[in-house]
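Let me begin by presenting the structure, written as structure tokens, before commenting on it.
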Amino acid sequence: MNSDLMHALEQLEKEKGINKDTLIDAIEAALISAYKRNFGVSQNVKVYIDRATGEVKVYAVKRVTSDPKNDLLDIDLDEARKINKKLEEEDIVEVEVTPRKFGRIAAQTAKQVVVQRIREAERGIIFDEFSNKEGDIVTGIIQRVERKNVIIDLGKTEAVLPYAEQTPGEEYRFNERIKTYIIEVKKTTKGPQIVLSRTHPGLVKRLFELEVPEIHDGTVEIKSIAREPGSRTKIAVYAKDENVDPVGACVGQKGTRVQAVVDELKGEKIDIIKWSSDPGEYISSSLSPAKVVRVDANEDEKGAKVTVPDFQLSLAIGKEGQNARLAAKLTGWKIDIKSESQLRASIEQQMFNMNSGYDEDLNEDVDDTEE
């Protein structure tokens, strides 16, 4: 250990941002353990490193007494006064016990501590950088698959795309570039763990922010997103400026903007609808591409009865109920869809029931009269 170490620590402070004094304190603490491991664990020792020269000295901490019982822990009063004439009984004194061959041990220990602290500092920098990116998109390169989890290289570190966050039917090929959504950054003993997603609705939102300048600058706002990953997404948009068409802005000229998002999502269908504060209008739009004849909304129960033309019923409900399900998720309303003929039949049934009830009441009146 010499001045070269001090110079190296100063360089580390400049390049890595690791405080020099913090490193020296860590080396001193490590050297105490190294000394006890090599020269005896019974002593109380302290290690000091000269900040200018890098010289290392080890001191045994002893109790001053006229009747020493343990040479490792006690020192005779007369011996102590050779070090400092002012010392009295029960005082504590530090006696230098630096071993001759301690320099080699000190150098090895210092190297281990510095390497460890550099690794910790780099992990800390990576954690700080990516924890600030939670809820954002990152681009990485697919490296490998481990137990169904996809490992993605983000440049400075690797991240994991868990099986549960993978889009059904999507293939992940080695060395392929991919955009993912950061859902969580955790500190672990092995460094920061970054968890990614391809299924999160936030991925769609961030992709539109990248493709649509009006969303990025706040002119157009994404109000709600409902998504079934790999299949279909509905997105409700609103323009703060009346002169801006929010749907047109998201679609882009000849559909270029929305197509870029669709391509990134490997062909996932996207319905873009205009958000409205009017529940009837909003619910009607949410069932796009189906055309709606009528919406009866009950705001107290957050439920709506929707009527569509007969030939539009299957389109409104969608395959396996997907369109209706996404519309309900997008709007936050319970939606009951009926065709015009079903509504007509329901009304006729109600009328019939009412008439039947009227006839029964009439018959009862007649019977009472006859009696």
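All residue numbers for the sequence shown refer to the numbering used here, where the first residue is 1 and numbers rise by one. The C-beta atom is built at its ideal place from N, Cα and C for all residues, glycine as well.
Selection from Ile182, Thr331, Lys190 that minimises the alpha carbon distance to Glu122:
The residue given as residue 122 occupies position 122 in the sequence shown. Closest option to Glu122, Cα to Cα, is Lys190.
What residue range does the beta strand (DSSP E) around Leu196 cover?
On the sequence shown, position 196 is the one that residue 196 refers to. Run containing Leu196: 191 to 197, per the beta strand (DSSP E) assignment.
By how many angstroms is the C-alpha of Leu5 removed from the C-alpha of Lys223?
Within the sequence shown, the letter at position 223 stands for residue 223. Within the sequence shown, the letter at position 5 stands for residue 5. Spanning the two alpha carbons is a distance of roughly 58 angstroms.
Pull up the CB-CB distance for Thr373 and Ile137, whole angstroms please, since I reckon it's below 8 angstroms.
A query on residue 373 cannot be resolved here, the shown segment of the chain reaching from 1 to 371 and no further.
Look up Gln349 in the DSSP assignment and say whether it is helix, strand or coil.
As a first step, residue 349 is located in the sequence shown; it is residue number 349 there, counting from the start. Helix at Gln349.
Have a look at Tyr172 and Glu320 and give me their C-alpha separation to the nearest angstrom.
For the purposes of this step, residue 172 is taken as residue 172 along the sequence shown, with counting starting at 1. For the purposes of this step, residue 320 is taken as residue 320 along the sequence shown, with counting starting at 1. Cα-Cα distance, rounded: 27 angstroms.
For the alpha helix (DSSP H) containing Asn20, name the first residue and the last one.
Locating residue 20 in the sequence shown gives position 20, where the first residue counts as 1. The residue asked about is misnamed: residue 20 is Lys in this sequence, not Asn. Its alpha helix (DSSP H) spans residues 20 to 39.
Could you tell me the distance, in whole angstroms, from the CA atom of Leu326 to the CA atom of Asp271?
Locating residue 326 in the sequence shown gives position 326, where the first residue counts as 1. Locating residue 271 in the sequence shown gives position 271, where the first residue counts as 1. Leu326 and Asp271 have their C-alpha atoms roughly 10 angstroms apart.
State yes or no: is the C-beta of Tyr35 within less than 8 angstroms of the C-beta of Val58?
Locating residue 35 in the sequence shown gives position 35, where the first residue counts as 1. Locating residue 58 in the sequence shown gives position 58, where the first residue counts as 1. Yes, the Cβ-Cβ distance between Tyr35 and Val58 is below 8 angstroms.
Which residues bound the beta strand (DSSP E) around Tyr163?
On the sequence shown, residue 163 is found 163 positions in, with the first residue counted as 1. Where Tyr163 is concerned, there is no enclosing beta strand (DSSP E), given that its DSSP letter is neither H nor E.
Beta-carbon contacts of Gly252 that lie in its chain and below 7 angstroms, excluding the five residues immediately before and after
On the sequence shown, position 252 is the one that residue 252 refers to. Counting only Cβ-Cβ distances below 7 angstroms, and skipping sequence neighbours, we find Val258.
Distance, Cα to Cα, Gly248 vs Lys274?
As a working note, residue 248 is residue 248 in the sequence shown. As a working note, residue 274 is residue 274 in the sequence shown. Rounded to whole angstroms, Gly248 to Lys274 spans 10 angstroms at the Cα level.
Taking only the alpha-carbon atoms, compute the straight-line gap between Val150 and Asp25 and give it to the nearest angstrom.
For the purposes of this step, residue 150 is identified with residue 150 of the sequence shown, where counting begins at 1. For the purposes of this step, residue 25 is identified with residue 25 of the sequence shown, where counting begins at 1. One C-alpha to the other measures close to 40 angstroms.
Which of helix, strand or coil does DSSP assign to Thr98?
For the purposes of this step, residue 98 is taken as the residue at position 98 of the sequence shown. Three-state DSSP puts Thr98 in coil, outside helix and strand.
Gly54: buried (16+ other C-beta within 10 angstroms of its C-beta) or exposed?
The residue given as residue 54 occupies position 54 in the sequence shown. Buried, by the Cβ-count rule.
Helix, strand or coil: how does DSSP classify Ala236 here?
Within the sequence shown, numbered from 1, the residue matching residue 236 stands at position 236. Strand.
Along the chain, which unbroken stretches of the alpha helix (DSSP H) at least 4 residues long are found entirely within the stretch 100 to 177?
102 to 131
For Ala304 and Ile335, what's the separation of their Cα atoms in angstroms?
Taking the sequence shown and counting its residues from 1, one reaches residue 304 at position 304. Taking the sequence shown and counting its residues from 1, one reaches residue 335 at position 335. The straight-line gap from Cα to Cα measures roughly 5 angstroms.
Please state if the CB of Ile142 and the CB of Ile178 are separated by a distance shorter than 8 angstroms.
In the sequence shown, counting from the first residue as 1, residue 178 sits at position 178. In the sequence shown, counting from the first residue as 1, residue 142 sits at position 142. For Ile178 and Ile142, yes; Cβs fall inside 8 angstroms.
Apply the 10 Å Cβ neighbour rule to Glu96 and answer buried if 16 or more other Cβ atoms are within range, or exposed otherwise.
For the purposes of this step, residue 96 is taken as the residue at position 96 of the sequence shown. With fewer than 16 Cβ atoms within 10 Å of its Cβ, Glu96 is classed as exposed.
With a threshold of 8 angstroms between beta carbons, is Asn38 in contact with chain B?
Here there is only one protein chain, and chain B is not present.
Count the C-beta pairs between the stretch 180 to 190 and the stretch 128 to 135 that are closer than 8 angstroms, then say yes if the count reaches three, no if not.
The stretch 180 to 190 vs the stretch 128 to 135: in contact.
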